[in-house]
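Residue numbers (the numbering used here): 5 to 253.
Just so it is clear, CB atoms sit at the ideal spot from N, CA and C, and this is done for glycine as well.
Structure follows, in structure tokens:
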């Protein structure tokens, strides 16, 4: 599979080549992230897991498109992109942080449409019913950069380079606006299994609050913690992928 930027279409998933997949795993990136972050998963997971990822506007091959700044339009765009690809084959949804909120909304909508996911996997994200502590999109640039240093996940060479920050911060701020605009709407729980991944030292999403996700499903609920902070997805990637390998067919 090619993960070249030019091969990542609209909000549609990037193509993958798994033969006769047992499940397709559609991944939504975190704030400031991009589809290519999931490229290693294609070879790390077994061939029967067909990994695909959404490339959102404003980054990489779509850098000339204005980023989405509100949660509703993001959820709608993801739904419109994924719905035509659902052919009755099993699929799962994964998202980290902002991507987890989007994946949850996507699971709700597709379930209502009669095409529910086989699994929902959310990572590094507060329960959707819990409000954010503060509107991060309104932070001044200097304060936002300080947060990035605290959270980890952003290369030091980016944080120390004003020109690179001029590229990164507008997209990140747009994504944080998406998170800030998220509003929880009570609805019946999902029926699919729900797996929640968290970091033991995540100061952004403390692990103590992750069990609140339990109320969002009638299916099996799993909570797994990994060593690391908010970006344990990368620092503990081997362990995360091992867990995904256990729960995906």
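The shortest C-alpha to C-alpha distance from residue 165 to any of 213, 146, 240, 214 is the one to 146. Positions of the beta strand (DSSP E) runs, each at least 3 residues long and wholly inside the region 181 to 222, are given as 198 to 203 in order along the chain.
Within the model, the alpha-carbon separation for residue 245 versus residue 209 is close to 20 angstroms. The C-alpha of residue 167 is placed about 42 angstroms away from the C-alpha of residue 250. In the DSSP annotation of this structure, the continuous segment of the beta strand (DSSP E) that includes residue 99 starts and ends at 95 to 100.
Rounded to whole angstroms, the Cβ separation of residue 139 and residue 184 is 4 angstroms, and the two are in contact under 8 angstroms.
Scanning 181, 73, 200, 26 for the CA closest to the CA of residue 130 turns up 200.
Runs of the beta strand (DSSP E) lying entirely within the region 94 to 174, each at least 3 residues long, are 95 to 100, 123 to 127 in chain order. Straight-line spacing of the CA atoms in residue 203 and residue 112 works out to 25 angstroms. Just so you know, the alpha carbons of residue 247 and residue 101 end up roughly 18 angstroms apart. In terms of Cβ geometry, residue 125 and residue 97 form a close pair [threshold 8 angstroms]. Between residue 215 and residue 236, the beta carbon gap of about 17 angstroms keeps them out of contact (Cβ cut-off 8 angstroms). Residues of the same chain with a CB within less than 6 angstroms of the CB of residue 26, apart from the 5 flanking positions on each side, are 52, 253 in chain order.
Between the alpha carbons of residue 211 and residue 176 lies a distance of about 24 angstroms. Taking a contact as a CB-CB distance under 8 angstroms, the pair residue 234 and residue 155 counts as one, their CB atoms being some 5 angstroms apart.
Judged by DSSP secondary structure, residue 75 falls within the alpha helix (DSSP H) whose first and last residues are 75 to 86.
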